[in-house]
Amino acid sequence: MNWGEKGFKIVQQTRYPEESVTSLTVKEAPSRIPFSLYIRYPHWATSGAKITINGKVVKISEKPGSYIELKRVWKTGDEVAVSFPMSLRLIPANDNAKVTTIAYGPLLLAGDMGTGGINPPAPFARDQLEFVKYNIPEDVISSLTVKKRKLTEWLTPLAGKQLTFETKDVAARPITLIPYYQIDKQRYVLYWNLK
């Protein structure tokens, strides 16, 4: 951000969403003038937040869904590190609490149902009637038998794969869930019927 009128310039570096940390470096700051920097505290960050300025921990009294005000006299070279740990959560449908999506932090997760039987030109149709007779394969799973278990008991991170999770003992086979934005030319499930 370059706010020329105020003489304030800040650069953000991040590998979000692969990492939950972002850093802000003040490149230019007006001398001896207090200035507020507001950090959005996302509603999904229920596992807390951590902010440091030049390595010193900042006390956070704000709650998720608000802004954290960092007011001080900023100096060129000041470093702000912000971390909002992500956690798994269910987002129930508005009209049916047993139908839900699964999110990791702000990321909507999709169940990977593969590409079996998707032959060109699928998944692209030449006209609206192209796939009228299309049958959804029987191995597409959209119901999970969770038996009131906690989400983290039946959905766990897949070792060695970032932002990838796998179900355990809730369906006929394990289901891999990945961020929705990574889905491409394959079947997927976003809404799950929980039993």
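Basically my numbering = 1-based index in the sequence shown + 3.
The beta carbon of each residue, even a glycine, is placed where N, CA and C say it ideally should be.
The model shown is predicted, which means the values in this text are computed figures rather than measured ones.
- Below 8 Å, enough C-beta pairs join the stretch 81–101 and the stretch 27–37 to call them touching: three or more.
- With contacts defined by Cβ atoms closer than 8 Å, residue 143 and residue 198 do not form a contacting pair.
- Inside the stretch 17–75, DSSP marks whole beta strand (DSSP E) runs of 3 or more residues at positions 24–31, 37–44 and 53–56, from first to last along the chain.
- Residue 23 counts as buried, since at least 16 other C-beta atoms from the protein chains shown sit within 10 angstroms of its C-beta.
- In the three-state scheme derived from DSSP, where H, G and I count as helix and E and B as strand, residue 15 is classed as strand.
- As the crow flies, the alpha-carbon of residue 31 is around 14 Å from that of residue 37.
- Taking C-alpha positions only, residue 161 is separated from residue 193 by approximately 19 Å.
- Short of 6 Å from the beta carbon of residue 47, and not among the five residues preceding or following it, lie these beta carbons of its own chain, in chain order: 108 and 109.
- Comparing C-alpha distances from residue 34 to each of 75, 90 and 164 shows the shortest one belongs to 75.
- At the C-beta level, residue 113 and residue 191 come within 8 Å of one another.
- Ranked by Cα distance from residue 106, the first of 99, 91 and 97 is 91.
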